[in-house]
Each structure stands twice: as C-alpha cells, then as structure tokens.
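Protein chains: 4
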Amino acid sequence: MQIGVIGLGRMGGNICRRLMKAGHGCVVFDADAKPREALAKEGAIAAASLEAMVKAFTGKPRAVWVMLPAGRITEETVAHLGTLLQPDDIVIDGGNSFYKDDIRRAKELAQKRIRYVDCGTSGGIWGIERGYCMMIGGDKAVVDHLDPIFAALAPGRGDIPRTRGRTNGDARAEQGYIHAGPPGAGHFVKMIHNGIEYGLMQAYAEGFDILRNKDSEDLPEEERFELNVADIAEVWRRGSVISSWLLDLGAAALAKDPQLKGFSGFVQDSGEGRWTIEAAIEEAVPAEVLSSALFARFRSRQGHTFAEKVLSAMRLGFGGHVEGQGPADPDAGSGMPSKDAAK
Amino acid sequence: MQIGVIGLGRMGGNICRRLMKAGHGCVVFDADAKPREALAKEGAIAAASLEAMVKAFTGKPRAVWVMLPAGRITEETVAHLGTLLQPDDIVIDGGNSFYKDDIRRAKELAQKRIRYVDCGTSGGIWGIERGYCMMIGGDKAVVDHLDPIFAALAPGRGDIPRTRGRTNGDARAEQGYIHAGPPGAGHFVKMIHNGIEYGLMQAYAEGFDILRNKDSEDLPEEERFELNVADIAEVWRRGSVISSWLLDLGAAALAKDPQLKGFSGFVQDSGEGRWTIEAAIEEAVPAEVLSSALFARFRSRQGHTFAEKVLSAMRLGFGGHVEGQGPADPDAGSGMPSKDAAK
Amino acid sequence: MQIGVIGLGRMGGNICRRLMKAGHGCVVFDADAKPREALAKEGAIAAASLEAMVKAFTGKPRAVWVMLPAGRITEETVAHLGTLLQPDDIVIDGGNSFYKDDIRRAKELAQKRIRYVDCGTSGGIWGIERGYCMMIGGDKAVVDHLDPIFAALAPGRGDIPRTRGRTNGDARAEQGYIHAGPPGAGHFVKMIHNGIEYGLMQAYAEGFDILRNKDSEDLPEEERFELNVADIAEVWRRGSVISSWLLDLGAAALAKDPQLKGFSGFVQDSGEGRWTIEAAIEEAVPAEVLSSALFARFRSRQGHTFAEKVLSAMRLGFGGHVEGQGPADPDAGSGMPSKDAAK
Amino acid sequence: MQIGVIGLGRMGGNICRRLMKAGHGCVVFDADAKPREALAKEGAIAAASLEAMVKAFTGKPRAVWVMLPAGRITEETVAHLGTLLQPDDIVIDGGNSFYKDDIRRAKELAQKRIRYVDCGTSGGIWGIERGYCMMIGGDKAVVDHLDPIFAALAPGRGDIPRTRGRTNGDARAEQGYIHAGPPGAGHFVKMIHNGIEYGLMQAYAEGFDILRNKDSEDLPEEERFELNVADIAEVWRRGSVISSWLLDLGAAALAKDPQLKGFSGFVQDSGEGRWTIEAAIEEAVPAEVLSSALFARFRSRQGHTFAEKVLSAMRLGFGGHVEGQGPADPDAGSGMPSKDAAK
C-alpha cells in the first residue's frame, strides 16, 4: 500500500522506515530537504512540496500521514491538504492534536468527502524497533482500509504474554493498535495515555527523590541511609510490582549517572497533560494525581513563583518572619520544625 | 496574679506587657540579658537564671509560662523546671510543641505533682494589641486557676459580632480562648490551626499568581489582562466571601509593592504544618489541600528537585527530549503545548 | 439613575432593593411574575417581557443589569437585548459568566454600538445588608458612567480598617468595587475569587475533619481527644491568624449543630472553580490547592469512582487482596497499617 | 541451607516452596496447623511452636524468616525469638515492618549477638512463579551468609533485557535482590517501592476513570465517546510508553469485566504508603502524587467526609445553597457550571 508521510522528524522518518521495511511504498515531504533526501535514498519517493507529493501518488485513494508538531503547523497542513486532495482520499493525523480539533476537521473535510483519521501514536524514538502503539479514531470503513499500514507499524504480539481471561474484544489490541471510536477518539485515548504517563513519571520521580534525600543532615544520624538509587531502580525492574518500561528508562539513566548531573530538572510539558486535566474537569472526575504531575512540571520551570512571594509576604505580615535568602541560605535545605518560634 | 515568663522574644515579651497592663505581676527570664532588662524597666521582676526566677516568686503555687521555640530548648527548659518547681506549681508551654510531647511531659511532671498546661497561642506580632487567641490543654482545675491570665491575654469579645445561633458552648470561646481538653489538646488544636493557615495562605497565593500571570505572552493577545493585584486584594477585603485577616495582610504587602520584589519566595515551614499531615494520616482523613500547601513550601526552598531531574532523564529516554536550559531558556516560561512533537 | 434588572432571584431582587434604597429607579423583569410583582410593590417598574422592559425606560442611555444563572439563559438574554437596545445603551452581566464569553459578547455588541460591562458580584445572600463586592470589566467611559450604581451597591468603607501603607491605587477599591480592566476582566477576577474561595473552604473543612476524627478508635487511647469543634471555630474567630468571614459562617453552622447532621456532604461546584484551573493551566501556573479543592467536590458527589474500582481490581491482581465490603465492613474506618500482610 | 519460616500465609508458604524447590531445607511454623501440615507434606519440617521450631534446626547458626503481618504480631514474634535464639543466629523480617522498628530491633538483638536482617519482599501472589524482588537491610557479613537463600527466592535475570549503560553496581540487582544498606534500609526501600506503587496505581485509575466517563451526559453530545477500556488497557500493554506489570493486571481485570462490577471501590491501604509520606515530610521532599494517591484511598472508605459537610454548611451560609440530596439527586452527576446562579 502506498502512503504519504509529511514531517520527517524523529517520529515521521522512522514511521516511513518501518512501513517500507514491511513492503509499503512511501511518498514523503518535509520542509527540510535533508531528511527527505535521506529517505529517498532508503527507497521513498521524495516530494519538494505538498502539491508535488499529492501528485506523486501512483494510485487512489491517496492516504497521507501527517506527523507534525500539534498546533498551527498541523492545522495549516491539514487545511492545505483539504484543498489538494480528492474525494475518498484520506488524511491521517498521527501527531498529538487536540481531539476536539479532530472532530472539527473531520466534519470540515467530510464536506469535500475527504476522510479523516486521527491516530495517537506512542513509542517515541524506540518505535522503529519496538513498534508503535496506536489509538485510532475515524469511520470504520477507512480504518479498516488502512489496516495494513497500522498492522505494519504496530509492534505485533511479540513475546508479550496474552492477558489472562481475555477472550473477546478487538483482536487488533493484541497487535498493538485499536480502533477507539469516531474521529477524535484516537487522540482522546492517546491524550489520556500521556496524562497517565505524567502521573507515572511523577510517582517514580518522587520516590527516587525520597530515597536520595535519605542521607539528609536534617535527619537523626541513625536514621540516615546512603542509598544507591541506580541499584534500586535496577532491582525494581525484576519481579517487583512496579516494574515498567518507564522504570527501565529511569534505571538506564541512573546507571549512567546516579546523580543525574547532566539534567537541570527543567521539565517541559506538551498539550496532552493539560488537556487531560481539562477533560477530567469537564467530566467532573477527580484527577488529583494527574494534575499534581502537571503542576510539578509547571513549577520546575520557574525560579520562584509569585505565589511563593505572597506566602513570604504574609508570613512577614503576621509573624515578623524574615524569609530565608534562597538556596544559598544556611537553612536552605532544612526547614527544621524546631527552629521556628511560636507565632 | 503573679506569673513567670521564660523566653522574651517577639511573643514572650509582648505577653508580659499585656499581662502587666492588666495588673498581673511578671517574673521574667531570658538567656539574653537585654530583653529581660527592658522588661524590668517596664515593671517586671527580671531573673538571671531559671533558679533565680523560681526563687523570685512571692507566692505559691508558682506558674511559669515557657515561650520558647519548640524543640530541644523547650524540652530542656521544661525538664529543668521539673527539678526546680514544687508540688502544685504549674508549667505552661505557650509555644508550638508537638502535642505528643505534651502528653508525655504532663505524665512525667505529674509524678512530682507538678501541673502541666499546653497553650497554643495565635496572634503573632499583633497579639499585644489585638490579643492572643489561645487553645489550652490541661486538667480542669489548673486551667480554671489560670483563668485570670488567659482572660487578660485574650482579645475579649471586642467588636466582633456574636455568632448567630450560638447559645451554649464554652463562654470563654467568645473571649478568645478555650479549654480544649486534657494535656496535649491545646497544642493539637493549635497545630490544626496552623495547618489550616498554610492551606488558606496557599489558596490566596495561587489565586494571586494566576491573576498576575494573566498578561503572559503565552496567552492569545486578546485574552491578556494587566491586573492590579493590589487593588484586587483591597477590594476583596470589602464585602467579598473571601475577606479575612490573612487577606488584610496580603493587601498590605501588595499595597506596598505589587511586585513583592523584596521577597525571594523562599518559604519556611514550622512543625505544625507537618504534624497536621501526620495527624491526618494517623486518622485516615484525606488532607489534599493542607498537604499540598506544605509541599509547596518544601518546593520553594530548592533550586530543582531530584524528582525533576528524574523526569527529564525519563523524557530524554523515551522521546529524545532534550530539556530546556532553565529559566534563561527561550522556552522557559512557555511550555507551549503546540511546540512539542508527538512522541 | 434608572437601571433595568433582569432576573429577580436571591441576588437580583436584593440588588434592586439596595439600589432603590439608595434612590435609584429600577425597571425589572423576571420570567416568574411573583418576584416582579413583589418588587413592583416596593417601588420598581415591573415589565412582563424584555421588550416591555426596554420600552419602560424613561431616559437614555438605558442600562440593563442581567442577573441570571451563567450559561445558556444569560447568553440568550444578552443576545436578545442586543436586538432590543439602541446605540449607547448598556448591558451589564452581573452573573458568573465565563470571561471569554464576555470578550466575545462585548465585541458582538460593539458592532451595534451597544456597550457591555461584566461585573463579578460577591456577597451572596448577605449582600443586601453588607453590600456587594464588585469586580468590573468594561471600557472606562461606561464604567465611569455607571459609577453611581456601583457606589450604591458597594459596601462602602464601613468600619473595615484601612490597609496600612496603601497610599495610591484605585480609590473605589476601598469602597468595595474596582474597575479591573477591559471587558472580561471583571469576571476573570471574580472567577479567581471563587477559585480561592474553594481553596479556603477546603482548608477549613480538612482541618475540622482532622479535629473531629481525633477521637477515632484507630488511635492509641491516650492520644484520643473529644474536641468541641463549635467552640474551636468560635475561638478562632477571635484574635487568631485564620479568622475570616468564611470561618464566621462555619462557626455559625457548627454552633447550630456540631455534627452537621443536616448535611449529607454532597457539594456542588459552579463554573468558576473549574475555569480557575483552566486559567492556571493556560498560564502554566501551579495550582495544587485550588485544583484539589475542586476535585474534592467532584468526589463528594459520587458513591465510588471508577478509579477506586480499578485500584481494588489491581490490588486483587497482585496481592490477592479482597476488598472491604464498603463502609459497613468491620474494617471500614480503620485502614490499619498493621493489619495488612506483606505482599 | 536450612531456614526457618514463620507465618505460612499467601507469602510465607510460597517462599518455603520456592526455597525447597531450590534445594534448601525449611523448618516451618504457623499458629494454624493446616498450612504447616500442608508444607510438611511437601517436605518441610513442621513445628507446633516457636520453641519446637528453634529446636528442630539441625545446624547452626539458625536463620529464621518471619513472614507475618507488620505490627504487633511481628514485633512479639521477633521479641520471642530473641529469647529462644543463640548468638550468631539470624532473624529475617520479610514482612512490611516500619524501618525504624528494624533499626531498634537490630540494636536490641545485637546485645545478645543475634543478627537481624530486614528484607522487603515484593512479588505478591505471583512470586512463587515469577520470583521475589528483595530489598535487604543488615550487616554485610550476614547478608552475604544468606546469599543462597536470597538467590533462590529472586527471579534471576530471566529474559528481562539488561539495562543499557549499566556496567557497575551491585551484580545482585540484576538477579532481583540488593543489599540496600544497614538494618532498616531494606524495609525503607520497600516502603518507598510501595509508595510509588500507590502513585502508579492511582495514575492508571484516574486515567481509566476519565476514559469511562467520556460518555457522560454532561458533555455535549458530539464530544461523547463510548470507549472500550478493556481494549485500551490491552493496547497500552504493547509498545506504549506506559506499559507495566500493573497495567497487565489492570488489563486482565478489565478483560474479565470492563465495568468492574465485582468491586465496590473500597480501597485499603497498608502502612508503607503512609510511612512514605511521613518520610517525605521528614526530608522536606515534595510528594504531591504519592500523598494524593494515599488520600484517595482514605476517601474511598467513607460515605462522606465531615469535611464535605463543612463545605455544604458554608455554602448554605453564604449563598443559601441547599445541597443536592446525594447521588439520587437529579443533579448528582452533573455539577453543571451553568446551573448555579451567581452568589
């Protein structure tokens, strides 16, 4: 099957490679000539513009996989494709678009009888090797039509054991992809996936933080331990209740440097973590952990918040407490309860 | 009534003054000669040691108010008093001791028939003028005996309107003090008071943070407002649902400097906030807000947490995400959802 | 000054009364005849339809205060007014609309040269007596024009002490109202006000919960206290750091019934608490406490969440833990750490 | 090597079996005759009392593995063993004791030259097959002496891939056990393990909750999806960033019943989750996610909290809001923002 791929970054390029390896043909475009030339050498048909790309297809209906950063560039590209494609052609947004945008785009393109599929794609830089886990939204007919593509990208059953008691349900799920529902449903499920991911990461992160600070001088000497976080991460991979792929990654990073000195701790977030909380709020579902994980990232990107200054100002106001001078202050790490007078 | 006061800092000194103004006699001690000499000039009997202080009392039973930082110094002073005082004498811990320490001390002193009272004292530097709100633990007889002292320190009914529907209950509550229960109960109630205080402060602080960042360049231009947080704090003092004394203090600080430039945002915590969470855990009571308020203070005292580095390391691991370079990074304040590629 | 008021419920009716008492004339409408007839008897001109109301004005420009539940009914009423009013007339939305709706409506009405003001109004059922705290968004000219109305509704300086150090800023703030900014700014500030309100309420609520459970049988007997929460609430009103108007209300409720038996604990939320979190997310401001307060309300309205069932299912999965049978289970309140075997 | 095992429940019995399968000899005791007779049939030497068990050892030093619920029974058993064992004998606490108890016990037993090892043991009911992940605290000599036991219980390297970049560190970690540090360190690490586990579980649980409520009638009809949570859990096991053993268990439960009707959602917690938060507080480490996960469990065990009643009482106080009547109320699930009037 022939498929177009737009956006040849970390994700898009490897998706092409995995598809070509499975015998599919790829027509590729990227604003940057370098990656498209690289893929041309590997067997893809490279086009220098969206227009050229659409023309380069050898059959119909065309299916174009858009693999761009969510937001304006994806929006514009999908809109542009809407002017270039023909009835029955297919646009697949494989990025991390907001699912309400999918619902809207599917409606807009439907007016031209162009079909729209949203495909939440997990797997990161390891996907080329490990396969991509895909959560797909769209009409049944078009998702079925694209099945060979999804099947090629998916990890397949591999050596992951079957779930006990699983006797029905979508068979594709065991191959690593599902048809989640109508347009938007794919990205919605992927969004929640990422929301969960934030929560899982923060849970590990807090745990390692408590382990590492167990040698704090604020603790009674007999209760201090110098723990080897790299060994702990490693052992938890093996037989423990909390083993996971994220822990594998954490163990690898800690094995390389238990202090993680190469990292400042400035943590970006992308849209999904935010939208997950908004979805929880719309549904009136409590999401304490997922929101805390998001806020920890917000906090990580600031020297101090204005909120903290308000706290200091109030403390001065009622108690005459002059604040510490920041991390350079001798009291910095302590916050020792016994040091504060009654107020 | 004659009372001893140990610890003549911000709180202890003013407590003496308020007591003397009400006609009580004070015998005072502080390791530092300066404050005790100052109080001597104002009419107190100053003693240069605990021993001298105990001898300086003109009647019995003696009552000694300990107003020292919670922790070792209070512990040692109470223990020392236990060796100097006589049966029927009274030790009042007016500081912020942990209530389980009160329970233990009361038992220990009871073996010598010395009576122990724990008095959680709120009011901060304003107490001398506004009166102190007191939460008292101890046996009924001794709390009743000390009533003139508590009545003098308390704010009294003042012009605070009576609570509608309040027809019974401890009449002292309307004067600003209560006998909360047996030894430990006073500090337990004060501890929860401070736990609540953290939560209230953090609620205001987050609100002002959101107000202040409403002119962020990350927002669509038409949705940005430059809000005057000083005026907002002021107006909320008047007729709004969220008016409070803490807001009054916040309004004063913001009136002085709406940017709060004089504060770094490094926020200490004292024991009560921590012990409140431990009490919640012991009782299996969910305390989301009170714990979040505590953790925000912990976070405020660090450049970056190890947890954040773990997050960055994992993100690099699965997505090849290289972290921002800290607040100097062009992306620093943004965390724009649309900038992240799918992973 | 003559003003129209639409919506004569708890808030709207009292706003009329306070305005008429200050000498302003009111033209009123409500879908329900009863409240409008009641106000007619008190001196208002009552109209039986929006159309009739607009015609009943005796001068120009007309100013109409819409005091309806946020959402569709307000939206439709404002749109309807847009078809009835004339250039220079004014629509004031005094309800709790979402501020982005204000921005949009102001633009839409501006095309007809109708002026739009959003006025966040705090004070609840006490406002008629205590005055309303108002946060106003709109163009300077129209806000200035309406000043007599706002001044009449506001609490005025009263006996609330002036903020120390406040020497400049909007003088209206000390009367209890501010011009916060352009259209939308009023409701934005009111929204944050309500977000803070949720946080404050939850802080008190958790504190009282910990106090009340201090007699739990799960605690060692010597550490149990039977605390009088009504007396505690009362004493905190007097001289403590956490005194506030919300605490006054809590004290009144607890004075009436310390068990709060008349309440089930099913807690609604309105839009502002939700939108506050969304605003925080848009600005990348951590809002741990405000979001926790919102989620606690969501949780309060459910018997059990699906999340909790997932937890139980996982616990059974890894540990063979059979869950308790719900609150009727003998273990219900305990969650005693020592009862669980290692897993 | 011969080892005693006390406590033959879910964990202890299987530990014996795994040890015997590896060629070790077991001397077993349980207060209940049934499981010890069962194990006798499988080759263990069964004793009817602690005394008999100690005598039944055929060599020295004896090593006794205590596998009992944390708390009083473990405490008493260890103390009893202290009176029965001889110098150089070893007590291993394989349960979930609080690590400060380990520190104390190790000191107490050291006075009799009895050696103490704490071994946090993860693996649950699957451990017999999958092996146990062990985190061990104690002196080096005794931990080395017991190595054959730990090696037999551990999962071994199996087919879990090696961590990239891991070139040094404790080789045992790759077999599934570590010597974490001095007495107490083993249980400390296990405690954090369980704290993380709570966070991970809650992250998944919240995510599934948001998925399941995506068909809520509170949402606009076009934004509702009926999602198949069983298929979603399954697909996430395969190639996604959030694959984990806990997810495997969740997928199995959802495959069996996507509604999880067999569960009420009443979730116990054991000590480790609580102690993890206390440890975080002692170290001043923010632990938002781990604490939220704990509090969600507390909340799950109550019909309503007193905190929620306080909220309702305050809402009635300022806004005249009469609360919904509980889940049977027509508004129960909604909390629709637009339904609330301004207050």
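Residue numbers (our numbering), protein chains in the order written: chain E, 7 to 349; chain L, 7 to 349; chain V, 7 to 349; chain B, 7 to 349.
We put the beta carbon where it would ideally sit given N, CA and C, even for glycine.
Residue pairing by DSSP places Y122/V opposite V97/V in a beta bridge.
One Cα belongs to G31/B, the other to P189/B, and the distance between them is close to 25 Å. Below the 7 Å Cβ cutoff, chain E contributes S298 and F301 as neighbours of E294/V, in chain order. The beta-carbon distance between Y138/L and M197/L, rounded to whole angstroms, is 16 Å. This is too long to meet the 8 Å contact definition. Taking a C-beta distance under 8 Å as the contact criterion, E203/L and S298/V do not qualify as a contact pair. When the five nearest sequence neighbours on each side are left out, the beta carbons in the same chain lying within less than 7 Å of the beta carbon of R119/L are those of P93 and D94, in order along the chain. Rounded to the nearest whole angstrom, the CA to CA distance from A302/E to A209/E is 11 Å.
Excluding sequence positions up to five before and after G18/L, its CB lies within less than 6 Å of the CB of V11 and M73, all in the same chain and listed in chain order.
Judged by DSSP secondary structure, M141/L falls within the beta strand (DSSP E) whose first and last residues are C139 to G143.
Within the stretch 268-283 of chain V, F269, S270, G271, F272, V273, Q274, D275, S276, G277 and R280 place their CB atoms closer than 7 Å to a CB of chain B, listed in sequence order. With respect to chain E, the C-beta atom of R305/V has a partner C-beta closer than 8 Å. In terms of beta-carbon proximity, V316/V lines the interface with chain B, with at least one pair separated by less than 8 Å.
When only Cα atoms are considered, G15/B and Y122/B end up about 22 Å apart. Bounds of the beta strand (DSSP E) holding F35/L are G31 to F35.
With contact defined as three or more Cβ pairs closer than 8 Å, the stretch 316-331 of chain E and the stretch 261-277 of chain L are in contact.
Residue contact with chain V for S55/L: absent (no Cβ-Cβ distance below 8 Å to any residue of chain V).
The C-beta of T89/L comes no closer than 8 Å to any C-beta of chain B. The bridge partners DSSP lists for Q8/B are G31/B.
Residues of chain E whose Cβ lies closer than 7 Å to the Cβ of L206/B are, in chain order, L206, A209 and I248. Among the residues facing chain V, K262/L is included, as its CB has a counterpart in that chain under 8 Å away.
Close to A69/E, with beta-carbon spacing below 8 Å, lies no residue of chain B; the smallest spacing is near 21 Å. Within chain V, the residues F324 have their CB atoms less than 8 Å from the CB of W132/B, given in chain order. The C-beta of T80/L comes no closer than 8 Å to any C-beta of chain V.
Per DSSP, G187/L is one residue of the beta strand (DSSP E) stretching across Y183 to G187.
Nearest to G164/E by alpha-carbon distance, out of G205/B, G144/B and R244/B, is R244/B. Where V316/V is concerned, the enclosing alpha helix (DSSP H) starts and stops at F312 to G325. Rounded to whole angstroms, G213/V and A285/L show a C-alpha spacing of 10 Å. Per DSSP, S246/V has no beta bridge partner at all. By alpha-carbon distance to G323/B, the top candidate from E223/V, W281/V, V291/V and M207/V is M207/V. P75/E and A158/E have their C-alpha atoms spaced approximately 23 Å apart. Residues are counted here when their Cβ sits less than 9 Å from a Cβ of chain B; for the stretch 144-170 of chain L the count is zero. For L115/B, no Cβ of chain E is located within less than 8 Å of the residue's own Cβ.
Runs of the beta strand (DSSP E) lying entirely within the stretch 56-83 of chain E and spanning at least 3 residues, in chain order: 69-72. Contact between the stretch 40-53 of chain V and the stretch 97-112 of chain V is absent, with fewer than three C-beta pairs closer than 8 Å.
Legend: CB atoms of the stretch 218-237 of chain L lying less than 8 Å from CB atoms of chain V belong to residues N219, K220, S222, D224, L225, E228, E229, F231, E232, L233, N234, A236 and D237.
For E288/E, the number of other beta carbons within 10 angstroms of its own is at least 16, and it is reported as buried.
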